[in-house]
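Here's the structure we're looking at; comments come further down.
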Amino acid sequence: ESIGIGLMGLGVIGGGVVKALSSKTQALAEQIGCPLVLRKVKVLEADLKRPVAKEMAPGLLTTDDDEFFSNPEINIIVELIGGENPALTYLKRAITSGRQVVTANKELIAKHGVELLAWPRSIM
Numbered sequence: 014e015s016i017g018i019g020l021m022g023l024g025v026i027g028g029g030v031v032k033a034l035s036s037k038t039q040a041l042a043e044q045i046g047c048p049l050v051l052r053k054v055k056v057l058e059a060d061l062k063r064p065v066a067k068e069m070a071p072g073l074l075t076t077d078d079d080e081f082f083s084n085p086e087i088n089i090i091v092e093l094i095g096g097e098n099p100a101l102t103y104l105k106r107a108i109t110s111g112r113q114v115v116t117a118n119k120e121l122i123a124k125h126g127v128e129l130l131a132w133p134r135s136i137m
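Read in order, the letters of the sequence shown correspond to residues 14 to 137 in this note's numbering.
Set out below in structure tokens:
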């Protein structure tokens with residue numbers, strides 16, 4: 014069994030997460046008890062030109078929201094887009110889909126943290 018990771022954003026932080034997941038695969042699996050597998054990376058068209066994107070398998074990257082959010086192999090969605098929008102919309106969609114979410118987005122949490130914490134209760 015493995016834990017599927019869906020990553021949103023491939024900037025400096027997102028690129029660093031991709032590199033960490035690939036370079037520390039064995040150590041992470043030993044600590045967690047199963048492998049973390051990067052299943053899909055949601056990017057903007059502009060991100061496709063980044064060096065880290067060019068090093069990745071082509072099928073791993075997508076600019077399509079539906080392709081990303083409908084992937085049944087993703088267990089945890091990591092939002093590293095930054096800013097308020099579209100990150101808020103994406104996090105709500107991730108929560109609604111029943112997945113666990115992780116974000117490093119301080120602006121989003123400062124402005125919408127209470128709303129996001131209540132989001133699962135408000136849709137059930």
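Every residue, glycine too, gets a C-beta built ideally from N, C-alpha and C.
Distance between residue j and residue i (C-alpha atoms, nearest Å)
i      : j       : result
Asp-77 : Arg-63  : 18 angstroms
Ser-15 : Ser-110 : 19 angstroms
Phe-82 : Lys-37  : 26 angstroms
Asp-79 : Lys-67  : 22 angstroms
Gly-24 : Leu-34  : 15 angstroms
Pro-71 : Ala-123 : 35 angstroms
Gln-39 : Pro-48  : 8 angstroms
Met-69 : Leu-57  : 15 angstroms
Beta-carbon proximity check, residue i vs residue j, cutoff 8 angstroms
i       : j       : result
Val-30  : Leu-121 : no
Pro-85  : Ile-108 : no
Arg-52  : Gly-22  : no
Val-54  : Leu-73  : yes
Leu-8   : Leu-104 : Because the chain is modelled from 14 through 137, residue 8 falls outside the range shown and cannot be assessed.
Val-115 : Ile-89  : yes
Buried versus exposed, by CB contacts within 10 Å (16 or more), residue i
i      : result
Leu-46 : It is Gly, not Leu, that sits at residue 46 in the sequence shown. It is exposed - the Cβ of Gly-46 has fewer than 16 other Cβ atoms within 10 Å.
Closest Cα partner of residue i within the set the options
i      : options                            : result
Leu-20 : Val-127, Gln-113 and Lys-119       : Gln-113
Gly-27 : Val-65, Gln-44, Arg-106 and Pro-99 : Val-65
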